[in-house]
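Okay, so here's the structure we're looking at.
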Amino acid sequence: SFRAIGAAWLLACTGGAAEEAAKPSTFDTESIRFFENEIRPILAENCLDCHSGTKAKLGLQLNHRRGWIKGSDYRPVVNLENPAESLVLHAISHTPGKKVKSMPYEKEKISDESIAKISRWIEMGLPWPETPGEAEEDPRNHWSFQPVKPPTIPEGVHPIDYLIGEAQKNTGVARAEKADRATLYRRAHLALLGLPPKFGELSAFVADSRPDAEAWHALLKKLMKSPHYGERWARLWMDVARYSDTKGYEAGGRERRFMHSYTYRDWLIQSFNEDMPYDQFLRYQLAAEQLVDWNKPEKKHLAAMGFLSLSKNGRSELIIDDRIDTTFRGMMALTVACARCHDHKSDPIPTRDYYSLYSVFSNSLEVGTPTIGEPKSGP
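Residue numbers 150 to 528, in the numbering used here, belong to the letters of the sequence shown in order.
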């Protein structure tokens with residue numbers, strides 16, 4: 150799916166076991182009492198000053214059970230399958246050779262008795278009282294980040310008719326009356342080509358003696374074979390890709406232009422007219438120079454790199470920021486630019502992930518412009 154393609158770019162991924170463990174659990178009264186009497190005081194005195202709230206260090210939230218399960222931005226801190234190997238135990242025990250900082254940070258080691266209590270608590274499965282707001286689901290489990298699951302459609306029913314019909318039942322909206330042929334022709338022409346129909350063609354469709362369904366299908370095939378189809382839909386994608394022929398400023402009294410921007414525009418139009426698969430359409434725009442042979446006709450797809458190269462000019466930092474923003478808003482509908490300065494406030498994107506992406510773009514070189522084809526002959 151669209152989000153699944155981009156998910157490979159994000160580094161914040163959790164395993165199935167961790168997701169299962171993060172689900173709200175019900176613990177017996179004795180386990181909760183042990184937590185309240187023995188564990189919470191240890192956490193309050195030694196952990197929560199640095200690992201709670203909106204400024205938790207390393208993204209590690211230890212003020213709720215979900216935070217213990219999730220771990221830091223870098224790695225898990227507890228291992229419920231093998232509690233003795235939990236990273237937090239090595240940290241508070243000051244275990245040598247484990248490549249983990251001793252905790253509490255810049256404070257004395259906590260007592261062996263307290264360490265034993267934390268160890269026992271992990272073995273018990275991290276019992277924690279169910280408190281409103283603390284058991285909320287990890288934002289990375291939001292439906293928009295999950296693979297698309299096709300709905301169940303009854304046999305013998307068209308999926309579109311079924312789904313619209315179900316929505317009408319739920320909302321009480323009545324189905325509109327069937328449109329006449331002239332209205333349908335005009336709607337299809339404007340929707341697919343972005344152009345009003347010619348009167349003669351519209352009249353011919355109205356007078357077509359074939360059954361409505363047959364005439365309608367023939368019309369749709371005709372419109373989607375039109376070169377204007379690619380122009381219509383490429384125009385919408387060019388807004389996503391912030392396409393422009395000019396750079397938006399003048400120098401020396403002359404308007405500055407992107408010399409080869411038209412090649413990207415033409416590639417988009419051709420891609421829509423050839424019905425290029427969407428995943429391939431995205432891959433070419435991100436890495437065409439890695440996917441095609443520069444010495445074969447397929448090198449025409451190098452023009453797809455205009456998605457990245459038709460960007461702001463000036464400081465490299467601003468160019469990279471623009472490319473990250475365009476890529477993720479355009480291909481994933483995520484505003485990751487917020488994470489440039491702080492962890493994203495509404496999407497699960499930490500600043501660490503933003504600069505991981507930044508390192509990818511900053512190590513990508515923009516080489517000389519290759520010849521991707523010869524101009525068409527003509528006056």
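Beta carbons are placed, not taken as given, at the ideal position from N, Cα and C, and that holds for glycine.
Asked                                                                                                                                                                                          : Found
Could you check what DSSP says for Leu514 in three-state terms: helix, strand or coil?                                                                                                         : coil
According to DSSP, simplified to helix, strand and coil, what is Gly314?                                                                                                                       : helix
Quick check on the DSSP output: what are the complete alpha helix (DSSP H) runs of length 4 or more inside the stretch 361-407, in order along the chain?                                      : 361-373 and 376-389
In three-state DSSP terms, what is Leu209?                                                                                                                                                     : coil
Using the three-state DSSP reduction, which class does Pro276 fall into: helix, strand or coil?                                                                                                : coil
If distances are taken between C-alpha atoms only, which option among Arg489, Thr484 and Arg501 comes closest to Ser495?                                                                       : Thr484
Between Arg454 and Ala437, is the Cβ-Cβ spacing less than 7 Å?                                                                                                                                 : It is worth fixing the name first, because residue 454 is Met in this sequence and not Arg. It is a contact, given that the beta carbons lie within the stated cut-off.
Taking the straight line between their C-alpha atoms, what separation do you get for Gly379 and Leu417?                                                                                        : 8 Å
Comparing C-alpha positions only, which one of Tyr334, Gly401, Asp502 and Lys219 sits nearest to Leu368?                                                                                       : Tyr334
Three-state secondary structure (DSSP) at Glu169?                                                                                                                                              : For Glu169, the pLDDT reaches just 46, beneath the cut-off of 50, and the residue's location in the model is therefore unreliable, leaving the point undetermined.
Pull up the distance between the alpha-carbon of Leu431 and that of Val322, whole angstroms please.                                                                                            : 37 Å
Kindly indicate which three-state DSSP category Ala436 falls into: helix, strand or coil?                                                                                                      : helix
Taking its Cβ as the centre, do 16 or more other Cβ atoms sit within 10 Å of Arg269, making it buried, or is it exposed?                                                                       : exposed
Enumerate in chain order the residues of its own chain whose CB-to-CB distance from Glu363 is below 8 Å, with the five nearest sequence positions on each side excluded.                       : none
Short of 7 Å in beta carbon distance, which residues of its chain neighbour Ile181, apart from the five on each side in sequence? Order them along the chain.                                  : Pro276 and Pro278
Could you tell me the alpha carbon to alpha carbon distance between Thr244 and Leu440, rounded to whole angstroms?                                                                             : 47 Å
How many angstroms separate the CA atom of Ala171 from the CA atom of Asn290?                                                                                                                  : With a pLDDT of only 47 at Ala171, under the threshold of 50, the placement of this residue in the model should not be trusted; the figure read from the coordinates follows. Roughly 11 Å between the two C-alpha positions.
List the whole-angstrom C-beta distance separating Arg405 from Tyr411, where the pair is believed to meet the contact cut-off of C-beta under 8 Å.                                             : That pair is no contact at about 15 Å.
So, Pro253 versus Asn195, is the Cβ gap smaller than 7 Å?                                                                                                                                      : yes
Alpha carbon to alpha carbon, how far is Val389 from Ala356? Give it in angstroms, no decimals.                                                                                                : 40 Å
Specify the secondary structure class of Ala323 as computed by DSSP and reduced to three states.                                                                                               : coil
Pairing CB atoms from the stretch 500-514 with CB atoms from the stretch 470-478, are three or more of them under 8 Å?                                                                         : yes
So, helix, strand or coil for Ala482, using DSSP?                                                                                                                                              : coil
For Ser508, does the three-state DSSP call read helix, strand or coil?                                                                                                                         : helix
Let's test the definition: count the other Cβ atoms within 10 Å of the Cβ of Tyr433 and tell me whether it reaches 16, buried, or not, exposed.                                                : buried
What residue from Met480, Gly479 and Leu467 has the CA that sits closest to Arg489's CA?                                                                                                       : Leu467
With Leu341 and Met373 assumed to form a contact (beta carbons below 8 Å), what rounded beta-carbon distance in angstroms separates them?                                                      : 6 Å
Pull up the distance between the alpha-carbon of Glu234 and that of Asn228, whole angstroms please.                                                                                            : 6 Å
For Ala161, I'd like the list of residues in its chain whose CB is within less than 8 Å of its CB, leaving aside the five on either flank, ordered along the chain.                            : Any reading at Ala161 must be qualified, since the residue scores a pLDDT of 32, below 50, and its modelled position is unreliable; the value itself is stated next. Cβ neighbours of Ala161 beyond the five flanking positions: Asp222, Arg289, Pro497, Ile498, Pro499 and Asp502.
Check Cys487 in the structure and name its three-state DSSP category.                                                                                                                          : helix
Please name the residue, chosen from Met480, Ser375, Lys448 and Trp443, that lies closest to Leu435 on a Cα-to-Cα basis.                                                                       : Met480
Starting from the C-beta of Pro232, find all residues in its chain whose C-beta is less than 7 Å away, skip the five residues before and the five after it, and write them out in chain order. : Ser268, Ile271 and Glu272
In chain order, what residues of the same chain lie with their CB nearer than 7 Å to the CB of Ile469, ignoring the 5 residues before and after it?                                            : Tyr507, Phe510 and Ser511
Excluding five sequence neighbours on each side, which residues of the same chain lie with their C-beta closer than 6 Å to the C-beta of Cys199?                                               : Lys206
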